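For the sequence shown, the working numbering begins at 450 and goes up steadily by one.
Glycine included, every Cβ here is placed at the ideal spot set by N, Cα and C.
Predicted model only: the values in this text are computed from it and were never measured.
Beneath this line is the structure, given in structure tokens, with notes to follow.
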Amino acid sequence: MAAVKRKKDTHLPKRVHFKHGSYYYITHSYKWINLGKTLSEAMANWVDIVQPDKHIHTMNQLFDRYMAEIAPKKAQATFRSNLQEIKVLKAVFGDQSPDKIDAVKVYQFLDRRGKISPTRANREKALLSHIFTKGIRWGVVRDNPCKGVESLPSKRRNRYITDIELNSIKSIADSTMRLIIEFAYLTGLRQGDVLKLKLDDITADGIFVLISKTQNKILINWTEKLKHVVEHAMQLAYDKKSLYLFSTKQGEKFTSSGFQSNWQKLIRKAMGLHYDIFAIEMNEELLTKTIIEEVLNTKLPVPTLIKNKNIYYFWGRCKQGKLKLTQLQNMSVNISFPQLKKRKLLNGNVLPKQLYDLIELNKAHVPQKALLTERFTFHDIRRKTATDIEAKKDRETARKLLGHSDQKMTGRYISGVQKVWPIE
């Protein structure tokens, strides 16, 4: 029987899955082995189980050893990126012998891959270079064929968030997201470092932060603004009985994907775009409206179209703004419902008036006028921090706050916008 291609957790190695808050390795006899709750812990335990082959004859074997021993030690976001990048490298170089790879082949890879995405091609080449560096240390190869190979020219991201844009996005954010945005701007921390902060990291002297990417430790001193933000965040954490400074409604740590989902919804809302419409099908048995309401328990995104045995329900807001499950009478919709999956409902057909009216009603809960005209990422807040600090103080101050080892790296974060001050 052919292997079933996984539809989630695609960033994880083969036979590793995330379920009920923990990572598991599934053996060939279908035994589930708990690897731990964090990705780094899980990958360390996975290495002990898999025991990658130290006798390397192909690039695939070199890739496997690198991904087992080196990649898991990186920050979680970097590790996830490496898992995607290694798939491309394996497809191109996997069956070849490491000592047969030369600069010409690397250039050929860049030329082909660069036609699709120059930025990704450069990142994949950088990973390949680091793999060969480790290969030299392990005695697999003598030289690094990527050394001296020029990266492809790519457009540098130069998005600067204005104060008006930042204030606009905060004005429509919930209390937790608003505090996260303010905290990220004041500290310049990356998303992962912000979300992993615990209440224990908050001290009278400041905020202790272990930078995931560099493993550098910094102490962020208090300012009146920062203290105000943290005090409010701590109060929310106490109310939710959470160990984390910023957490979900249930008091749990944000996952990277979960936080990004919330962030994208906020950006779409600020741009005046209506909510995504989701569709879900329930076919196990004929469910009553009451049972469906119990199943929902407000966990589905809003709005959602639900189909059960040719009966349609709409989970969204009513005229009073409250969440309500509405049964749609005498209606059929020509939509392909992915079973037991939440998917964006893209429908170019004319919708039944009953459904159309409900969708329009839910649009009323989104600002009619766009607050943003151009998207920005959460990471762009870090760029704004660096740019503003350099303008008000100097680049060295920005370097220290961002946790960089040199000013050259900080310079990459400085926006092309030069902030100048008029005569007072």
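- Residue state for Q769 is assigned as coil, using DSSP reduced to three classes.
- Excluding five sequence positions before and after W587, none of the CB atoms of its chain fall closer than 7 Å to its own CB.
- Between the alpha carbons of L777 and I755 lies a distance of about 10 Å.
- Judged by beta-carbon spacing, K689 lies within the 9 Å limit of Q699, meaning their Cβ atoms are closer than that value.
- As the crow flies, the alpha-carbon of A524 is around 12 Å from that of K645.
- DSSP places K756 within a strand segment (E or B) once states are collapsed to three.
- Taking C-alpha positions only, K522 is separated from W481 by approximately 24 Å.
- The Cβ neighbour count for R832, taken over all protein chains shown within 10 Å, is at least 16; the residue is labelled buried.
- In this structure, the alpha-carbon of L538 lies about 21 Å from that of V499.
- A direct Cα-Cα distance of roughly 6 Å separates K773 from W764.
- Within the DSSP secondary-structure output, W764 pairs in a beta bridge with T753, L774.
- Counting only residues of its own chain and dropping the five nearest sequence neighbours on each side, V679 has a CB closer than 8 Å to the CB of F632, I651, I656, L694.
- Closest in C-alpha terms to A819, from the list Y687, D560, A719, comes A719.
- Sorting Q684, A493, K841, S530 by C-alpha distance to the C-alpha of R514 places A493 at the top.
- For the pair of segments examined, the region 568 to 584 was found not to touch the region 607 to 616: the number of CB pairs separated by less than 8 Å stays below three.
- For G470, the secondary structure class from DSSP, reduced to helix, strand or coil, is coil.
- Straight-line measurement puts the Cα of R766 at about 49 Å from the Cα of R561.
- Judged by beta-carbon spacing, T826 lies beyond the 9 Å limit of L850, meaning their Cβ atoms are not closer than that value.
- In its chain, beyond the 5 residues on either side, M508, I550 have a beta carbon closer than 7 Å to the beta carbon of F542.
- Burial check for H853: the Cβ neighbour count within 10 Å reaches 16 or more, so the residue is buried.
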